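Data block below; observations after.
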Amino acid sequence: MISRYLFFIIIISLFINDCLIPCKIIAGNYADYAVQAEFIPKEAAPGDIITLRLSFEIPVGFKLPDNPKITGLKNFDILNKINRANGIEIDMFVDSMEDINLPGLEIYVYDQDGKQKTLKSNPAILAVKPLIKVKPAENLLRPIKGLISTEYGIKRILLLIMASVLIILVIIAVYFIFKYHQRRKLCPEVPAQVPYLKALSRIDELVAQGIPNGKEGKAFCFILSEILREYMGAIRNFNALEMTTHEIAGLVKDKGDVQLLNLLKRIDLVKFADAVMSKTSFEEQVSLSLEYINQTKPKEV
Numbered sequence: 092m093i094s095r096y097l098f099f100i101i102i103i104s105l106f107i108n109d110c111l112i113p114c115k116i117i118a119g120n121y122a123d124y125a126v127q128a129e130f131i132p133k134e135a136a137p138g139d140i141i142t143l144r145l146s147f148e149i150p151v152g153f154k155l156p157d158n159p160k161i162t163g164l165k166n167f168d169i170l171n172k173i174n175r176a177n178g179i180e181i182d183m184f185v186d187s188m189e190d191i192n193l194p195g196l197e198i199y200v201y202d203q204d205g206k207q208k209t210l211k212s213n214p215a216i217l218a219v220k221p222l223i224k225v226k227p228a229e230n231l232l233r234p235i236k237g238l239i240s241t242e243y244g245i246k247r248i249l250l251l252i253m254a255s256v257l258i259i260l261v262i263i264a265v266y267f268i269f270k271y272h273q274r275r276k277l278c279p280e281v282p283a284q285v286p287y288l289k290a291l292s293r294i295d296e297l298v299a300q301g302i303p304n305g306k307e308g309k310a311f312c313f314i315l316s317e318i319l320r321e322y323m324g325a326i327r328n329f330n331a332l333e334m335t336t337h338e339i340a341g342l343v344k345d346k347g348d349v350q351l352l353n354l355l356k357r358i359d360l361v362k363f364a365d366a367v368m369s370k371t372s373f374e375e376q377v378s379l380s381l382e383y384i385n386q387t388k389p390k391e392v
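Counting the sequence shown from 1 gives a position; the working numbering is that position plus 91.
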């Protein structure tokens, strides 16, 4: 009798052990992520600035450096990085037209002896929504209207009247064009400067005054931003000087224009958010500005 009970106890123990071991293994997979990565907000448009929040607890005896090393962010445009009490917040520029897939990151912390410990994060996805939305109903082909009837009657009379009015308007237009050219010959005007030449000339004048360093660069950024906005508005046919960078982002489609938005957003941080740039950073902004102008100027130049 005792041997029977002992046999059943062994069978039940083996069954419970088989059930518990897989559960421990599954739980261990989630425990590998010591860092929780999330985008704030979850959705963005090209040209926006978003925040990547990395939440974690530093192990006892270890310390996070002032400028922590994070692997996995090589292909992302990082604007700013701030250490918080419970993690790190990273400001990033959205320079992609498609969803952004963030791989698992690795953050390194160190103890007093310089021993390194690696904290891993979970992958994350930022949904990138298009700037221009087209409703399916608006994209359908419209039916072709029928041809105008050439029968005699009221329609023929109306056509003759419209043709006569059109001829008179053409004669008036030719007369005013002729008078306009006559006045220009008598009083020639100074030809307007080509947009790219004007932009290059103004940048040369700005650089000739000296590249600033640190907090002295606010006035420099205001002038450089005005030059770039005026040039973009001239070649893209909209008043960029009177628009915010977010409004401009809703109009541009070219990849080069999106990259220029990145430059304008960085300049705005100096203009309005009291951010500080080094002299080397200002020289880089000037170099990127000249590169954009040379890429978008007329091909025959």
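Note that beta-carbon positions come from the ideal geometry of N, C-alpha and C, so glycine has one too. Fair warning: this is a prediction, and the values are worked out from it, not measured in the lab.
Endpoints, the alpha helix (DSSP H) within which residue i is located
{"i": "A290", "result": "286 to 299"}
{"i": "T387", "result": "370 to 387"}
{"i": "V361", "result": "346 to 363"}
{"i": "A325", "result": "309 to 327"}
{"i": "T394", "result": "Absent from the model: residue 394. The displayed extent of the chain is 92 to 392, so no value can be given."}
Nonlocal neighbours in the same chain, by C-beta distance under 7 angstroms from residue i, ignoring five residues either side
{"i": "K309", "result": "V361, K362"}
{"i": "D295", "result": "none"}
{"i": "A215", "result": "A128, E129, F130, L193"}
{"i": "D359", "result": "T336"}
{"i": "G347", "result": "Y383, Q386, T387"}
{"i": "R320", "result": "A331, L332"}
{"i": "E134", "result": "A218, K220"}
Bridge partner(s) assigned by DSSP for residue i
{"i": "M183", "result": "I141, I169"}
{"i": "D202", "result": "F153"}
{"i": "L217", "result": "I191"}
{"i": "L196", "result": "Paired residue(s): none; L196 is not in a bridge."}
{"i": "Q207", "result": "Y201"}
{"i": "N174", "result": "I179"}
{"i": "I161", "result": "I198"}
{"i": "S212", "result": "V126"}
{"i": "A135", "result": "V219"}
Alpha-carbon spacing of residue i relative to residue j, whole angstroms
{"i": "N158", "j": "I302", "result": "27 angstroms"}
{"i": "A331", "j": "P150", "result": "50 angstroms"}
{"i": "E338", "j": "Q376", "result": "21 angstroms"}
{"i": "E197", "j": "P132", "result": "22 angstroms"}
{"i": "L217", "j": "F167", "result": "12 angstroms"}
{"i": "A136", "j": "N192", "result": "15 angstroms"}
{"i": "V343", "j": "V349", "result": "7 angstroms"}
{"i": "L155", "j": "R357", "result": "27 angstroms"}
{"i": "T209", "j": "I181", "result": "19 angstroms"}
{"i": "L355", "j": "L250", "result": "54 angstroms"}
{"i": "L351", "j": "E189", "result": "18 angstroms"}
{"i": "L222", "j": "G341", "result": "6 angstroms"}
{"i": "M300", "j": "I258", "result": "In the sequence on display, residue 300 carries Gln and not Met. Their Cα atoms are separated by approximately 58 angstroms."}
{"i": "I384", "j": "V200", "result": "43 angstroms"}
{"i": "M92", "j": "F153", "result": "Residue placement at M92 is flagged as unreliable, the pLDDT there being 49, under the threshold of 50; a coordinate-derived value is accordingly withheld."}
{"i": "S187", "j": "V219", "result": "8 angstroms"}
{"i": "I117", "j": "F147", "result": "Reliability fails at I117, whose pLDDT of 31 lies under 50, so the model's placement of it is uncertain and no value is given."}
{"i": "K246", "j": "E382", "result": "59 angstroms"}
{"i": "G205", "j": "A366", "result": "33 angstroms"}
{"i": "L145", "j": "V185", "result": "18 angstroms"}
{"i": "K160", "j": "A364", "result": "26 angstroms"}
{"i": "I263", "j": "T371", "result": "60 angstroms"}
{"i": "K289", "j": "M334", "result": "21 angstroms"}
{"i": "Y271", "j": "V261", "result": "15 angstroms"}
{"i": "F267", "j": "I141", "result": "55 angstroms"}
{"i": "I248", "j": "V265", "result": "26 angstroms"}
Contact check, residue i vs residue j, beta carbons under 9 angstroms
{"i": "L42", "j": "S380", "result": "What the structure shows of the chain is the stretch from 92 to 392, and residue 42 is not part of that stretch, so it cannot be assessed."}
{"i": "I326", "j": "T387", "result": "yes"}
{"i": "N353", "j": "G138", "result": "yes"}
{"i": "G195", "j": "K211", "result": "yes"}
{"i": "P389", "j": "Y322", "result": "no"}
{"i": "F313", "j": "F373", "result": "no"}
Endpoints, beta strand (DSSP E) assigned at residue i
{"i": "E129", "result": "127 to 131"}
Same chain, Cβ closer than 8 angstroms to residue i, five either side skipped, listed in chain order
{"i": "V298", "result": "V377"}
{"i": "V256", "result": "none"}
{"i": "N213", "result": "Y124, V126, Q127, A128, G195"}
{"i": "N174", "result": "L155, D157, P159"}
Close Cβ partners of residue i (< 6 angstroms) along its chain, the five nearest in sequence each way excluded
{"i": "D202", "result": "G152, F153"}
{"i": "G305", "result": "V367"}
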